Amino acid sequence: MNTIRLTILLFLTTALSFGQNTTYWQQSAEYTMSIDMDVTTNKLQGTQKVVYINNSPDTLTKVYYHLYFNAFQPGSMMDIRSLNISDPDRRVGSRISKLKDDEIGYQHILSLKQDGKKVANNVQGTILEVVLNKPILPGKKSTLEMEFEAQVPIQIRRSGRDNAEGIRYSMAQWYPKVAEYDYLGWHTNPYIGREFHGIWSNFDVKISIDSAYTIGGTGYLQNADEIGHGYATDNSKVNKKNAKNTWHFKAPMVHDFMWAADPDYKHVTAQVPNGPMMHFFYEETEENKEAWAKLPEYMVKAMTFMNKEFGVYPYEQYSFIQGGDGGMEYPMATLITGNRSFTSLLGVSVHEMIHSWYQGVLANNESLNEWMDEGFTSYASDITMHYLLPDDPSQADVYGGSIRSYVSMATSGVEEPLTTHADHYHTNRSYGRNAYSKGAVFLIGLNYILGTDTFMKGMRRYYNEWKFKHPTPINVLRAMEKVSDLQLDWYLEDFVYTTDQIDYSIKTIAGNGDKTYITLERQGEMIMPIDLEITYKDGSKEMVYIPLRIMRGSKPAENKEMQRTTAEAWPWTYPTYTFELNKNSSEISKVEIDPSGRLADVDKSDNVIDFTAIKPFTDPTK
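If you count the sequence shown from 1, you need to add 48 to reach my numbering.
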């Protein structure tokens with residue numbers, strides 16, 4: 049196997065030793081599944097074997113599974129939540145409550161054994177509880193075998209059949225999935241509509257389905273020359289007489305397995321230089337064919353850019369698959385609706401692909417810290433789109449969109465802290481602004497505090513230190529501290545744990561001979577260092593950088609062509625700060641806080657004083 053797979057196997061071997069050798073540990077599992085899909089009834093029969101390895105220091109007496117399809121039934125927790133929240137997801141609304149018997153989703157457990165013996169189990173909604181016959185001791189493993197059947201629901205949220213664009217199967221959350229167990233214990237949150245958390249696993253999956261159907265998704269196809277459908281290297285060997293094909297996939301070191309299938313998929317490939325093979329699956333129409341034809345070239349550029357700037361994608365393939373209800377990321381692949389303009393198709397493809405870094409490889413607990421995935425992905429997406437479309441005016445303001453969205457919520461009076469569990473936000477709007485916008489602003493703020501070069505080193509260090517693990521917010525901060533030699537705990541505590549806001553102003557500018565005294569005021573509770581740009585009437589500029597004392601250091605000068613003065617550090621308890629400028633005030637034309645636009649100040653109206661905009665006084669009585 050090549051270097052990429054060898055690296056993944058090395059990480060898996062390391063993971064198996066975490067429970068015994070270090071303070072960090074994570075569970076692991078080996079899935080072997082075989083399913084038979086009936087495209088006339090939309091039902092499947094399946095067998096599953098899971099070898100569960102307990103790398104924790106704890107003895108486990110129970111194991112839990114997620115049964116996600118059970119959410120798509122009238123009266124489910126997802127249904128009731130959607131009916132009672134003030135701003136339900138428009139894709140869900142009241143649709144679940146109206147499903148007929150042949151439209152609902154379900155996963156029924158027909159038999160379940162632990163190490164060959166029947167084991168007691170109980171289903172409550174989307175959670176299966178298994179009371180083990182024999183506890184799994186630290187460092188030991190146990191084999192769980194089940195037979196199950198499932199009905200694929202009408203596509204409502206993420207997974208299902210016959211979506212709005214006519215795609216037959218978007219098979220996400222389709223199998224009984226073992227819940228994650230970590231330092232916080234079991235994560236058995238019912239499926240309400242939010243994010244996911246899973247065990248790093250190896251998958252061996254066989255899918256039998258009508259031979260007219262093309263499949264794309266997670267994993268490497270093992271029998272491509274038997275299957276064809278755009279995978280075969282030698283089409284002469286493909287047997288086209290079978291009523292059903294059995295597709296055999298293997299996926300090493302992933303935390304989920306998704307697939308999609310349709311008889312009308314067009315399958316196109318594109319090779320990333322020194323990177324993965326990209327696959328594109330879509331139903332071509334007169335309206336969408338131009339956009340999909342252009343997409344491969346741009347996605348190869350996007351992958352190359354991400355590999356260079358943020359860290360190397362570790363798998364051998366990635367697939368863009370028309371399906372689902374918008375855009376949703378999974379290991380090695382994404383489901384996206386495909387009848388879009390090119391810019392829209394490119395935007396959703398870039399965003400979902402970048403999830404491979406911040407959800408697919410850095411698998412934080414999305415339910416607890418969804419902003420570490422959605423927000424970080426949004427940040428990198430904005431930068432990547434700007435790179436891909438440098439002349440597009442809509443991509444010019446790289447940070448502005450996220451900051452404006454965050455500020456709108458921060459000043460609304462109903463903002464909730466980033467520590468809120470994804471399912472427990474009072475409104476979908478609050479969840480969305482926090483997960484996508486404030487999560488991105490968290491990184492924009494770090495970029496401002498550290499400087500872009502240092503910040504990008506921190507992003508790559510975070511990725512390389514924590515790939516194939518389950519990082520927390522602390523791990524992000526520690527990576528940034530290591531590359532900057534700054535103290536950053538205050539930033540996490542203020543921006544994540546509270547709803548404190550950034551609000552600085554230029555309070556006064558006073559001249560005294562050849563000196564000018566500038567006083568700044570902190571009006572919000574959130575503390576930040578300050579970049580203050582002074583523009584002189586002769587056209588020259590000077591940056592006055594005011595670090596925070598609590599940072600225990602300074603960021604390097606970002607613009608080497610501009611003079612920078614590092615002022616005395618600002619003690620955060622002082623609401624005002626005055627510094628002396630060795631210039632006559634008559635020489636100054638403009639003073640501005642944060643000319644880069646990275647400081648998410650909730651009121652920028654008092655961040656700049658432009659003397660050239662001040663009109664001479666005219667006595668109205670004369």
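Using N, Cα and C, we set each Cβ at its ideal position, and we do this for glycine too. Here the structure is a predicted model, which means the values were calculated and not measured.
Query                                                                                                                               : Result
Distance between VAL409 and MET81 (C-alpha atoms, nearest Å)                                                                        : 23 angstroms
Whether SER532 touches LEU568 by CB criterion (7 angstroms)                                                                         : no
Status (buried if at least 16 other CB within 10 Å, exposed otherwise) for ASP658                                                   : exposed
Three-state secondary structure assigned by DSSP to PHE358                                                                          : coil
Identity of the residues DSSP links to MET376 by a beta bridge                                                                      : LEU383
Beta-carbon contacts of ASN69 that lie in its chain and below 8 angstroms, excluding the five residues immediately before and after : A caution first: ASN69 carries a pLDDT of 43, below 50, which makes its placement in the model unreliable, though a value can still be read off. Excluding sequence neighbours, ASN69 sits near nothing in its chain.
Distance, GLU616 Cα to ARG586 Cα                                                                                                    : Looking at the sequence shown, residue 586 is not Arg but Asp. Distance between the alpha carbons of ASP586 and GLU616: 27 angstroms.
Length of the line joining the Cα atoms of SER442 and ASP421                                                                        : 24 angstroms
Pick from ILE636, MET576, ASN512 and LYS608 that is closest to TYR625, judged by C-alpha positions                                  : MET576
Backbone secondary structure at GLY276 - three-state DSSP                                                                           : coil
Three-way DSSP call (helix, strand, coil) for HIS245 in this model                                                                  : coil
Reduced DSSP category for SER453 - H, G, I as helix; E, B as strand; rest coil                                                      : helix
Pairwise C-alpha distance: LYS515 and PHE66                                                                                         : Because PHE66 sits at a pLDDT of 39, beneath the cut-off of 50, its placement in the model cannot be relied upon, and the point is left open.
With 16 other Cβ atoms within 10 Å as the buried cut-off, status of THR174                                                          : buried
Sequence-distant residues of the same chain with beta carbon closer than 6 angstroms to VAL656, five excluded per side              : GLU640
C-beta contact flag for SER218 and GLY371 at 7 angstroms                                                                            : yes
Candidates SER207, ASP163 and VAL462: closest to LEU180 by CA position                                                              : ASP163
N-terminal and C-terminal residue of the beta strand (DSSP E) that TYR539 is part of                                                : Premise fails: TYR539 lies in the alpha helix (DSSP H), 537-543, not in any beta strand (DSSP E).
DSSP three-state assignment for GLN407, whether helix, strand or coil                                                               : helix
Start and end residues, alpha helix (DSSP H) containing ALA527                                                                      : 521-532
Of the residues ALA458, THR333, PRO623 and ASN632, the one placed nearest SER553, counting alpha carbons only                       : PRO623
ASN250 - DSSP class collapsed to helix/strand/coil                                                                                  : strand
LEU491 and TYR545 closer than 7 angstroms at C-beta                                                                                 : no
Nonlocal neighbours in the same chain, by C-beta distance under 6 angstroms from MET599, ignoring five residues either side         : LEU534 and GLN535
8 angstroms contact criterion, which ASP542 and ASP642 should meet: CB distance rounded                                             : At roughly 17 angstroms, the Cβ-Cβ gap does not stay under 8 angstroms, so ASP542 and ASP642 are not in contact.
Element boundaries [beta strand (DSSP E), containing PHE424]                                                                        : Looking at the DSSP string, PHE424 is not in any beta strand (DSSP E); the run it does join, the alpha helix (DSSP H), is 419-436.
Cα-Cα separation between ASP150 and MET85, rounded to whole angstroms                                                               : 15 angstroms
Extent of the continuous beta strand (DSSP E) run through GLU628                                                                    : 624-629
Identity of the residues DSSP links to ASP579 by a beta bridge                                                                      : TYR593
Beta-carbon spacing of TYR510, VAL489 below 7 angstroms                                                                             : no
Residues near THR660 in its chain [Cβ-Cβ closer than 8 angstroms; skip 5 each side]                                                 : SER637 and LYS638
Strand pairing of LEU209, partner residues [DSSP]                                                                                   : A small fix is needed here, since residue 209 is Arg in this sequence, not Leu. DSSP lists ILE202 and TYR217 as partners of ARG209.
8 angstroms contact criterion, which SER256 and ALA291 should meet: CB distance rounded                                             : 10 angstroms between Cβ atoms; not a contact.
Contacting residues, own chain, Cβ-Cβ under 6 angstroms from ASN293 (five flanking each side not counted)                           : SER259 and ILE275
Proximity below 7 angstroms, CB of GLY19 to CB of GLU357                                                                            : As shown, the chain starts at 49 and ends at 670. That puts residue 19 outside it, with no answer to give.
DSSP beta-bridge partners of GLY559                                                                                                 : THR564
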